[in-house]
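Encoded as structure tokens, the structure appears first; notes follow it.
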Amino acid sequence: MRRLSSQLRKSGSFLVVTSSEQAIRLQSLKSFCVRWSAPDPSELFNHCLKESPDTTYDPERLDELRALVSTLRRPDDVVAVARTLAERGLEHSLESLRSGERARVHAWFRDPTRSAEDTLTVAALAFAEGLPERTFEKVLFGLTLAVRNWEHTMVGATVEAAVPALPELRIEQSRSRWSVTTTGLIEARRDYSTSDDQIRVERCVFFVSPRIRELVLEQLNELYGLQLWQPLRQWLTHLSQNGDLQLRTEIAAGLALLARYALAEVEENHLDVWSAGYVSQRVTAALTVQFMSADPQLASHALNLALQWADKRGPVRAVTAAMALVGLGRPYQFESLNWLWYLSARGERVAWAARSSLYLLLAAAEDDERSASLTLRYVRTRMETAREPREQSRAATAAMLMLSGPSLDGSSPLAAGLLRNSSPVAGPLGRLWARLLLSNRRRAALDALCTTLSALRDEPDLSHTVRSLGGSMQEAMTERQWKALRRDLLHLLSHPDYAEDETQRLARFMLGLLRDRS
1 MRRLSSQLRK SGSFLVVTSS EQAIRLQSLK SFCVRWSAPD PSELFNHCLK ESPDTTYDPE
61 RLDELRALVS TLRRPDDVVA VARTLAERGL EHSLESLRSG ERARVHAWFR DPTRSAEDTL
121 TVAALAFAEG LPERTFEKVL FGLTLAVRNW EHTMVGATVE AAVPALPELR IEQSRSRWSV
181 TTTGLIEARR DYSTSDDQIR VERCVFFVSP RIRELVLEQL NELYGLQLWQ PLRQWLTHLS
241 QNGDLQLRTE IAAGLALLAR YALAEVEENH LDVWSAGYVS QRVTAALTVQ FMSADPQLAS
301 HALNLALQWA DKRGPVRAVT AAMALVGLGR PYQFESLNWL WYLSARGERV AWAARSSLYL
361 LLAAAEDDER SASLTLRYVR TRMETAREPR EQSRAATAAM LMLSGPSLDG SSPLAAGLLR
421 NSSPVAGPLG RLWARLLLSN RRRAALDALC TTLSALRDEP DLSHTVRSLG GSMQEAMTER
481 QWKALRRDLL HLLSHPDYAE DETQRLARFM LGLLRDRS
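Quick note: the sequence shown, position 499, residue 499 per full-length UniProt numbering, numbers continuous.
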């Protein structure tokens with residue numbers, strides 16, 4: 001190595017050999033090694049933009065281009081896109097990226113050397129992307145077995161058929177074959193962002209870009225018939241009963257992409273059946289509808305499907321609809337709120353699912369002030385307009401779940417998270433709290449308020465937000481009711497669970513007993 005390096009220096013040349021860190025074990029090589037990793041494609045693209053001549057681009061179209069660039073793996077591909085952008089413009093850059101991926105997938109499927117095993121590999125990955133290699137191999141084996149069983153059914157194979165002699169034992173290097181036969185479509189890599197323990201991070205199987213996954217599903221739908229799709233349906237139904245939520249989430253994502261090209265296939269053979277199936281199947285169906293709701297092309301179909309399940313299709317499908325309506329809350333918030341409220345008046349099983357979904361709808365909007373405020377105002381209005389005792393109890397139960405539940409990450413009460421992320425939420429949140437404090441859920445509402453104040457005790461920047469919370473409560477109460485709240489809250493805060501000085505001071509600030517916290 002020293003002689004080689006000496007000769008390279010003399011000739012003014014460079015020799016670069018890439019290797020994994022684990023493969024370099026010889027001490028004699030240590031001095032020649034430099035730790036390197038490919039730059040982040042988005043950062044590299046932004047750097048290239050800064051170096052290129054100043055040009056004004058449409059922000060939305062440029063963001064679309066950035067999203068496509070972020071999926072590129074090779075730095076030279078990123079630089080090529082930046083060069084095309086500078087020389088030929090934004091629209092040409094977008095079109096070249098889109099058409100390049102489409103042409104690659106189109107050519108791969110029409111390659112006459114492509115084997116059935118290769119096709120099954122990409123078909124399985126279209127519904128099971130991002131899984132560890134060892135898990136994906138099991139999933140792929142299941143699909144291969146389903147196809148084989150279907151072939152036997154088609155040719156009329158019987159159990160009386162002679163058992164063939166076993167061929168010579170041969171162990172295929174299947175993982176290395178993927179990298180050869182699916183070049184440009186599939187890659188196996190370690191995703192270190194999924195775990196803090198980098199030693200335990202496994203290699204997972206991915207498409208080289210999200211768009212490749214969509215294009216693969218398009219080609220599978222366009223080119224193949226019953227011989228592939230019938231066993232694929234059986235395989236997906238089997239996997240929908242699997243206990244692995246990550247796997248079922250990927251199935252849902254794949255079905256949502258397939259729905260762009262075969263909506264009837266997805267609805268009739270999967271979603272409508274699963275919506276009344278096992279719990280795992282119902283969750284998978286609801287997740288699929290949620291993924292569909294994020295696609296402008298499919299959002300209205302997703303809403304219609306959820307509403308069909310909600311209305312006179314039985315309690316099991318109604319529970320599935322309640323789960324699905326959580327994801328529909330972003331594009332169709334008011335419709336989701338109305339239907340969840342309607343479902344909360346059904347039998348206890350359906351009502352519980354609807355109340356839980358109302359809470360999740362608010363929790364999902366923790367960072368969205370407009371959506372969170374609308375949800376809080378909606379529930380408060382329902383409480384104010386309720387006339388029958390049963391309806392009043394139903395509204396109070398839903399509101400109590402919202403104010404006492406945890407945030408999605410479980411780190412603090414949801415109400416505390418709402419106040420941290422957006423001070424304007426304090427108004428509608430306080431008015432809803434006041435309604436509960438004046439109901440027969442007063443003690444539970446007081447407990448939730450103490451828990452929220454305790455979670456915010458170390459955040460002095462939120463003092464004025466908390467005061468706004470108290471001010472909105474005071475506006476919704478008479479003077480006598482407000483004095484009673486002061487008395488009861490300060491008494492409850494003397495409990496050992498809440499007896500921290502900062503919590504006491506924050507409560508007094510909320511009640512207007514202190515001008516500031518200093």
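All residues carry an ideal CB built from backbone N, CA and C; glycine is no exception.
Just so you know, these numbers come straight off a predicted model, no measurement behind them.
Extent of the continuous alpha helix (DSSP H) to which residue i belongs
i: Glu391; result: Pro389 to Ser404
i: Glu267; result: Per DSSP, Glu267 belongs to no alpha helix (DSSP H) and is neither H nor E.
i: Arg480; result: Glu479 to Leu492
i: Thr320; result: Pro315 to Gly327
i: residue 520; result: Lying before the first or after the last residue shown, residue 520 is absent from the chain, which here runs from 1 to 518.
i: Asp76; result: Pro75 to Arg88
i: Gln281; result: Val279 to Ser293
i: Gly254; result: Leu245 to Leu258
i: Cys48; result: Pro41 to Glu51
i: Tyr342; result: Gln333 to Leu343
i: Gly427; result: Ala426 to Leu437
i: Pro59; result: Pro59 to Val69
i: Thr440; result: The question names Thr, but residue 440 is Asn in the sequence shown. From DSSP, Asn440 is part of no alpha helix (DSSP H); its letter is neither H nor E.
i: Ala507; result: Asp501 to Met510
Whole-angstrom distance between residue j and residue i, CA atom to CA atom
i: Cys204; j: Asn269; result: 29 Å
i: Gly100; j: Thr503; result: 59 Å
i: Pro112; j: Gln230; result: 23 Å
i: Phe127; j: Glu348; result: 35 Å
i: His238; j: Arg110; result: 30 Å
i: Arg441; j: Ala395; result: 11 Å
i: Ala507; j: Arg487; result: 11 Å
i: Thr247; j: Leu217; result: Strictly speaking, residue 247 in this sequence is Leu, with Thr absent from that position. Each residue's alpha carbon lies about 17 Å from the other.
i: Arg517; j: Leu429; result: Here the model assigns Arg517 a pLDDT of 43, short of 50, so the residue's position is not dependable, and the following value carries that caveat. In a straight line, the C-alpha of Arg517 is about 22 Å away from that of Leu429.
i: Ser373; j: Gly225; result: 49 Å
i: Ser393; j: Gly470; result: 24 Å
i: Val79; j: Phe45; result: 7 Å
i: Ser468; j: Ala399; result: 20 Å
i: Ser240; j: Lys50; result: 47 Å
i: Gly184; j: Arg104; result: 7 Å
i: Ala415; j: Thr478; result: 24 Å
i: Cys48; j: Leu62; result: 14 Å
i: Ile186; j: Arg102; result: 15 Å
i: Ser371; j: Asn242; result: 34 Å
i: Ala354; j: Asp40; result: 42 Å
i: Leu360; j: Val283; result: 15 Å
i: Ala146; j: Leu236; result: 10 Å
i: Gln7; j: Ser37; result: 27 Å
i: Leu303; j: Arg260; result: 15 Å
i: His106; j: Gln219; result: 7 Å
i: Met402; j: Leu362; result: 7 Å
i: Thr119; j: Leu307; result: 36 Å
i: Arg505; j: Leu446; result: 17 Å
i: His495; j: Glu369; result: 33 Å
i: Leu305; j: Ser52; result: 48 Å
i: Ser275; j: Gln281; result: 7 Å
i: residue 521; j: Arg431; result: Outside the displayed span of the chain (1 to 518) sits residue 521, for which this structure offers no information.
Identity of the residues DSSP links to residue i by a beta bridge
i: Arg349; result: None, per the DSSP bridge assignment.
i: Arg203; result: Arg190
i: Pro132; result: Cys204
i: Pro413; result: Pro406
Limits of the unbroken beta strand (DSSP E) element including residue i
i: Ala188; result: Ile186 to Arg190
CB contact below 8 Å: residue i versus chain D
i: Gln241; result: No chain D is present in this structure, which holds just one protein chain.
Uninterrupted alpha helix (DSSP H) stretches inside the segment 205-242 (no shorter than 4 residues): Taking only runs of at least 4 residues, the alpha helix (DSSP H) segments lying wholly in the segment 205-242 are 210-223 and 226-239.
Three-pair Cβ contact test at 8 Å for the segment 136-143 versus the segment 77-97: Contact between the segment 136-143 and the segment 77-97 is absent: fewer than 3 CB-CB pairs across the two stretches fall below 8 Å.
Inter-stretch contact at 8 Å, needing at least 3 Cβ pairs: the segment 94-103 / the segment 116-127: As far as the Cβ criterion goes, the segment 94-103 does not touch the segment 116-127, which means the pair count is below three.
The segment 328-339 contacting the segment 279-288, beta-carbon criterion three pairs below 8 Å: The segment 328-339 is not in contact with the segment 279-288.
Inter-stretch contact (C-beta, 8 Å, three-pair minimum) for the segment 459-466 and the segment 397-411: Fewer than three Cβ pairs drawn from the segment 459-466 and the segment 397-411 lie within less than 8 Å of each other, which leaves the two stretches out of contact.
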